[in-house]
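Everything in the sequence shown is counted per UniProt numbering, starting at 1 for the first residue and increasing by one.
Ideal Cβ positions, reconstructed from N, Cα and C, are used throughout, including at glycine.
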Amino acid sequence: PRQVGLPVLKHLSFTGATVKPVPSIKSYAWKDGLPAPETKPIVLLGLDGSGKSTLWENMQRVASGDDDSIILPLPSPSTTPAQCEIAFKGQKLSILDMPGARQKRRHWADGASPARSIIYLIDSMDDMRFELARQGLSDLFEQNQDFLGKKILVVLTKAGNLFERDVHTTIQRLHLQGLETMAIEADNYDHIVKILEYCSSKRPKALSTR
Numbered sequence: 001p002r003q004v005g006l007p008v009l010k011h012l013s014f015t016g017a018t019v020k021p022v023p024s025i026k027s028y029a030w031k032d033g034l035p036a037p038e039t040k041p042i043v044l045l046g047l048d049g050s051g052k053s054t055l056w057e058n059m060q061r062v063a064s065g066d067d068d069s070i071i072l073p074l075p076s077p078s079t080t081p082a083q084c085e086i087a088f089k090g091q092k093l094s095i096l097d098m099p100g101a102r103q104k105r106r107h108w109a110d111g112a113s114p115a116r117s118i119i120y121l122i123d124s125m126d127d128m129r130f131e132l133a134r135q136g137l138s139d140l141f142e143q144n145q146d147f148l149g150k151k152i153l154v155v156l157t158k159a160g161n162l163f164e165r166d167v168h169t170t171i172q173r174l175h176l177q178g179l180e181t182m183a184i185e186a187d188n189y190d191h192i193v194k195i196l197e198y199c200s201s202k203r204p205k206a207l208s209t210r
């Protein structure tokens, strides 16, 4: 069987990363209100431990041109929203990392409301919480049906050792058919580039690391 994903060619460093907590503006709003019109707002959602903070850090590293091979400890799960603005291929992106702890999930809609794209992360190794992860996404859309008009990408993290059939089974188990999905390793340079390309594109394209 064929494994999913590209080999981890380049690892990313967290050296010098700056986390910018977002002030509370009517619950969990974006820093200083909505991003500028020319900026594409992206929100990262998912349960705690799904890899949001790692992806958030690495999107900054790749956008800045850092392809450092040093592997440092992973960041701790976020407890407050963190926002950054980056430039990628001539596009300005504002990326908001929303906490995924149980008591924080009720704020997801606040972060997702102004976002152009929603990236929902699911830990492919955390099968004990698959149903909880699926329900979190389902609840978000049931309570905010207008969000279905946004660009939506479901990212299966920690998927470097999964075979293609395993990814397909996971997608079926999570009832993700019909949504764009991508299986990644968050320290894989090429995978991060694909996500950045998705965020900066005008229209979503079918993405695959297979």
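Reduced DSSP category for residue i - H, G, I as helix; E, B as strand; rest coil
i: residue 214; result: No answer is possible for residue 214: it lies beyond the span of the chain, which begins at 1 and ends at 210.
i: Pro-21; result: At Pro-21 the pLDDT is 42, less than 50, meaning the model places this residue with poor confidence; the figure from the coordinates comes in the next sentence. DSSP places Pro-21 in strand when its eight states are reduced to three.
i: Asn-58; result: helix
i: Cys-199; result: helix
i: Asp-146; result: helix
i: Leu-174; result: coil
i: Ala-63; result: helix
i: Ala-133; result: helix
i: Thr-169; result: helix
i: Ser-138; result: helix
i: Ser-104; result: Correcting the residue type first, residue 104 is Lys in the shown sequence and not Ser. Correct three-state label for Lys-104: helix.
Residues bridged to residue i [DSSP beta-bridge criterion]
i: Ser-94; result: Pro-41 and Glu-85
i: Leu-153; result: Ile-119 and Glu-180
Beta-carbon proximity of residue i to residue j, cut-off 8 Å
i: Leu-174; j: Leu-121; result: no
i: Val-154; j: Ile-184; result: no
i: Ser-113; j: Leu-162; result: no
i: Arg-116; j: Ile-42; result: yes
i: Lys-92; j: Glu-38; result: yes
i: Met-59; j: Ile-152; result: no
i: Lys-202; j: Gly-51; result: no
i: Leu-47; j: Arg-134; result: no
i: Leu-148; j: Phe-141; result: yes
i: Val-62; j: Tyr-198; result: no
Other residues of its chain near residue i: CB distance less than 6 Å, five sequence neighbours each side excluded
i: Ile-25; result: At Ile-25, the pLDDT of 35 sits below 50, so the modelled position is not reliable and the matter cannot be decided from this model.
i: Asn-144; result: Ala-109
Residue i: first and last residue of the uninterrupted alpha helix (DSSP H) it sits in
i: Ala-112; result: 108 to 112
Own chain residues within Cβ distance below 7 Å of residue i, not counting five before or after
i: Gln-177; result: Ile-171
i: Gly-136; result: Leu-47 and Arg-105
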